[in-house]
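Numbering (this note's numbering), first residue to last: 1 to 159.
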Amino acid sequence: GLPVYGIPGTNQERTFLACKPDAVQRGLVGDIIQRFEKRGYKLVGLKMVWPSETMAAEHYADLKKKPFFPGLVKFFSSGPIVCMCWEGKDIIKQGRQMLGETQPLASKPGSIRGDFSIDLGRNICHGSDSPEAAEHELKMWFPEGVSDYGKAVDSHIYE
Ligand code: GDP
Ligand code: MG
Numbered sequence: 001g002l003p004v005y006g007i008p009g010t011n012q013e014r015t016f017l018a019c020k021p022d023a024v025q026r027g028l029v030g031d032i033i034q035r036f037e038k039r040g041y042k043l044v045g046l047k048m049v050w051p052s053e054t055m056a057a058e059h060y061a062d063l064k065k066k067p068f069f070p071g072l073v074k075f076f077s078s079g080p081i082v083c084m085c086w087e088g089k090d091i092i093k094q095g096r097q098m099l100g101e102t103q104p105l106a107s108k109p110g111s112i113r114g115d116f117s118i119d120l121g122r123n124i125c126h127g128s129d130s131p132e133a134a135e136h137e138l139k140m141w142f143p144e145g146v147s148d149y150g151k152a153v154d155s156h157i158y159e
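Here is the structure:
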């Protein structure tokens with residue numbers, strides 16, 4: 001089968017997207033999933049996890065030196081998140097665009113953060129920002145792997 005991170009640069013590219021604790025609390029999970037489904041991306045992994053502080057710190061390890069790191073780790077481990085693996089052409093970059101900017105106030109209406117959030121530390125969703133990050137994050141959050149499957153509709157989404 002495929003590695004959990006798929007095949008970057010092809011229609012089987014994969015990314016790690018997560019609904020953060022604020023999205024779960026606010027009942028936004030369905031709306032977030034629906035946006036990617038409607039666009040034609042394929043959901044290949046989905047589960048709810050309540051991250052430990054250790055997992056939160058590992059997930060955001062690249063931000064360890066930032067002053068907001070302790071608050072970020074505390075928030076990310078404050079409740080369950082919804083872990084997702086999405087697959088499709090250019091999904092890593094397109095996923096980030098559908099999320100919006102890191103700063104919700106700079107995010108366009110129509111993006112998830114632009115539609116649903118205001119504050120930087122409560123910006124609803126996470127998305128891998130590069131193929132390297134996607135590989136690392138998918139291995140971390142889906143050590144059991146995801147589901148490789150075809151859909152009959154694939155030929156109506158890709159030419
Ligand atoms: P992302 O990839 O767009 O999520 O942004 P980063 O990887 O740079 O940061 C991770 C998360 O940390 C962001 O989504 C924000 O929730 C939070 N964050 C980033 N920068 C700041 C900041 O300057 N202050 C605070 N309070 N939180 C921040
Ligand atoms: Mg990031």
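In this text, a Cβ means the ideal position worked out from N, Cα and C, and glycines have one as well.
Secondary structure of residue 143 (DSSP, three-state): coil. With 16 or more other Cβ atoms inside 10 Å of its own Cβ, residue 99 counts as buried. Annotation for residue 17: 84, 86, 95, 125, 126 and 127 place their beta carbon closer than 7 Å to its own, counting only its chain and skipping 5 residues before and after. Residue pairing by DSSP puts residue 126 in a beta bridge opposite 18. The DSSP-derived three-state label of residue 138 is helix. Residue 32: not part of any beta strand (DSSP E); member of the alpha helix (DSSP H) spanning 29 to 39, first to last residue.
About 13 Å separates the beta carbon of residue 154 from that of residue 44, a gap too long to meet the 8 Å contact definition.
The bridge partners DSSP lists for residue 109 are 111. One alpha carbon belongs to residue 34, the other to residue 159, and they sit about 22 Å apart. Separation of the CB atoms of residue 105 and residue 118 is rounded to 7 Å, and the pair is thereby assigned contact status at 8 Å. Bridge pairing for residue 4: absent [DSSP]. Secondary structure of residue 64 (DSSP, three-state): coil.
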